[in-house]
Amino acid sequence: PNTQLPIPIIDAQREWAWVAVVSACVVALASLPYVVVYFTTPPDLRFVGTLINPFDGNSYFAKMQIGAQGGWLFHLPYTAQDHPGALLFTFHILLGHIAAWTHLPIPWVYHLARIMAGFVLLLTVYALISRATQDLSERRLAFLFVALSSGLGWLAVMFGHLGTSDLLIPESNTFFGLHITLHFPLAVVLIIGILMGVAEAAHACSGEWKRRAILASASLLLAIIQPFAVVPLYATLGVYLALRSWRDGHIPWPSVWMTFIAGVVTLPLSAYTFWVTQADPVLRGWTAQNLTPSPPVWDYVLGYGLILALAVPGAVVAARRRGDTDLLLLAWVGVTALLLYAPFALQRRFSLGLHVPLAILAAMGLFRVAKRRRVWGWALAATLPTTLLVIVLALGGGLKQDPRLFVTADEATAMDWLHDHAPRGAVVLASP
Numbered sequence: 222p223n224t225q226l227p228i229p230i231i232d233a234q235r236e237w238a239w240v241a242v243v244s245a246c247v248v249a250l251a252s253l254p255y256v257v258v259y260f261t262t263p264p265d266l267r268f269v270g271t272l273i274n275p276f277d278g279n280s281y282f283a284k285m286q287i288g289a290q291g292g293w294l295f296h297l298p299y300t301a302q303d304h305p306g307a308l309l310f311t312f313h314i315l316l317g318h319i320a321a322w323t324h325l326p327i328p329w330v331y332h333l334a335r336i337m338a339g340f341v342l343l344l345t346v347y348a349l350i351s352r353a354t355q356d357l358s359e360r361r362l363a364f365l366f367v368a369l370s371s372g373l374g375w376l377a378v379m380f381g382h383l384g385t386s387d388l389l390i391p392e393s394n395t396f397f398g399l400h401i402t403l404h405f406p407l408a409v410v411l412i413i414g415i416l417m418g419v420a421e422a423a424h425a426c427s428g429e430w431k432r433r434a435i436l437a438s439a440s441l442l443l444a445i446i447q448p449f450a451v452v453p454l455y456a457t458l459g460v461y462l463a464l465r466s467w468r469d470g471h472i473p474w475p476s477v478w479m480t481f482i483a484g485v486v487t488l489p490l491s492a493y494t495f496w497v498t499q500a501d502p503v504l505r506g507w508t509a510q511n512l513t514p515s516p517p518v519w520d521y522v523l524g525y526g527l528i529l530a531l532a533v534p535g536a537v538v539a540a541r542r543r544g545d546t547d548l549l550l551l552a553w554v555g556v557t558a559l560l561l562y563a564p565f566a567l568q569r570r571f572s573l574g575l576h577v578p579l580a581i582l583a584a585m586g587l588f589r590v591a592k593r594r595r596v597w598g599w600a601l602a603a604t605l606p607t608t609l610l611v612i613v614l615a616l617g618g619g620l621k622q623d624p625r626l627f628v629t630a631d632e633a634t635a636m637d638w639l640h641d642h643a644p645r646g647a648v649v650l651a652s653p
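Take the sequence shown: its position 174, counted from the start at 1, is 395 in the numbering used here, and no numbers get skipped.
Okay, here's the thing in structure tokens:
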């Protein structure tokens, strides 16, 4: 019980075919509202390409516009004040270059990348689950919990409360995140990959330097895509390595050195990101208003609902078994829970990926509390209403033609004319 569970030998053709099919169905469900709204938009309107939280969605497209126009440095698009460019949001700017190279509309490029990121995330999650349990039924239950579950937001809505995390914070829920964004699921892919890589470093027989290079590159990419995610990642790794040392009675030096090297490689970029957002007065002003505090604790409790309740016995199982992946899941949840209310301006951003270890622990708990598949099915069904509500809300805004989600054909024509004729850097006064 004190050693890492061996990675089960999986029938690649059957097991991973099931995973791929379910993943494709989940991503298709998450993307369905965009397709429906796009094809039902009347001729006198243009669908912008975002549904829930259009302000953030449009800001992603604005960053991509920088790349589409040939730039690589980020200039804050929502101000008329000129300022030096900075190496920020490089990933979105790269997508803009891809849009220019392929001559595809920016929203198309974004959503195609979002679909691919969501699919890869679900495959990566299953790889993590396969290291947590050897039972096929438990693996599949955990996978469905991660891919589809949500909390009691639907119930809170019935009482007029809209602030639960499963309806407010896309980072905190897997399905919600891959429905809305590209960078959240991609960041979680990198987090899981780095965590697994460090956990398995002590058991690797060869290729140590290659593994270090891959993990350092993944860490650097994470700092580019989601800079704040570096903080919970390395805090989790620190706690995990401390637990491993306590369990084994010695320090797992291969994992420690791998973590250290990846951190050293990432540190300069993280330091630059902090420095440039403070040195540039325009970016400093933007950073000052970029506040995302966590909601009250009960909104997280409601937002995870049954998953959180079932994760308690799952955590007990993991604490007793103390396998490598067990300790990893416990460290991930424990560190994130503390960071959610740490004295940082971006508290709720630290919920990124928390749903993954909680859902895996919930499956472990349910698998041991109830042995009947019928109970598993009812438990899974009880976690689906808010997930379906997200789809309904996205469809509702689009089908009702919410003005935040569309521009008129005349507005689109005017914007196209400005794009072709207005001097670069010109300021246009417009309504929101």
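Where is the CB? At the ideal position from N, CA and C, for every residue including glycine. Quantities reported herein were computed from a predicted structural model and do not represent experimental measurements.
- The C-alpha of residue 443 lies about 27 Å from the C-alpha of residue 360.
- Within its own chain, the residues whose Cβ lies closer than 8 Å to the Cβ of residue 435, once the five positions on either side in sequence are excluded, are 418, listed in chain order.
- Within the model, the alpha-carbon separation for residue 495 versus residue 501 is close to 11 Å.
- In this structure the stretch 523–543 does not lie against the stretch 316–332, because fewer than three pairs of beta carbons, one per stretch, are closer than 8 Å.
- Judged by DSSP in its simplified three-state form, residue 645 adopts coil rather than helix or strand.
- Residue pairing from DSSP leaves residue 315 without any beta-bridge partner.
- For residue 440 and residue 265, the gap between their C-alpha atoms comes out near 46 Å.
- For residue 565, DSSP records no beta bridge to any residue.
- By the criterion of a C-beta distance shorter than 6 Å, residue 302 is surrounded in its chain by 503, once the five residues flanking it on both sides are discounted.
- Judged by their CB atoms, residue 549 and residue 493 are not nearer to each other than the 8 Å cut-off.
- Residue 627 sits in a strand when the DSSP states are folded into three classes.
- Pairing residue 582 with residue 395, the inter-Cα distance amounts to about 15 Å.
- Residue environment for residue 519: exposed (fewer than 16 other C-beta atoms within 10 angstroms of its C-beta).
- The secondary-structure analysis by DSSP pairs residue 266 across a beta bridge with 629.
- For residue 588, the secondary structure class from DSSP, reduced to helix, strand or coil, is helix.
- Per DSSP, residue 540 has no beta bridge partner at all.
- Rounded to whole angstroms, the gap between the alpha carbons of residue 381 and residue 459 is 41 Å.
- A direct Cα-to-Cα measurement between residue 340 and residue 348 gives close to 13 Å.
- Look at residue 310 here: in three-state DSSP terms it is coil, with no helix or strand label.
- Straight through space, the alpha carbons of residue 457 and residue 552 are spaced by roughly 6 Å.
- Pairwise C-beta distances place the stretch 361–381 out of contact with the stretch 292–311, as fewer than three of them are shorter than 8 Å.
- If you draw a straight line from the Cα of residue 473 to the Cα of residue 543, it comes to about 15 Å.
- The three-state reading of DSSP puts residue 366 in helix, counting H, G and I together.
- The DSSP-derived three-state label of residue 405 is helix.
- Rounded to the nearest whole angstrom, the C-alpha separation of residue 317 and residue 291 is 8 Å.
- With 16 or more other Cβ atoms inside 10 Å of its own Cβ, residue 597 counts as buried.
- Within its own chain, the residues whose Cβ lies closer than 8 Å to the Cβ of residue 285, once the five positions on either side in sequence are excluded, are 313, 314, 316, 317, 320, 327, 330 and 331, listed in chain order.
- Three or more Cβ pairs closer than 8 Å define a contact, and the stretch 386–395 falls short of that threshold against the stretch 623–639.
- Residue nearest to residue 579 within the set 294, 362, 244 and 274 is 362 (criterion: CA-CA distance).
- Nearest to residue 446 by alpha-carbon distance, out of 421, 560, 491 and 423, is 491.
- Taking residue 546 as the centre and dropping the five residues before and after it, the same chain places the C-beta of 352 and 353 closer than 6 Å to its C-beta, in chain order.
- Under DSSP, the beta-bridge partners assigned to residue 295 are 307.
- In this structure, residue 243 places its C-beta atom within 8 Å of the C-beta atom of residue 368.
- Ranked by Cα distance from residue 521, the first of 561, 277 and 512 is 561.
- Between residue 400 and residue 251, the CB-CB gap stays under 8 Å.
- In terms of CA proximity to residue 236, 357 leads the group 357, 621, 540 and 477.
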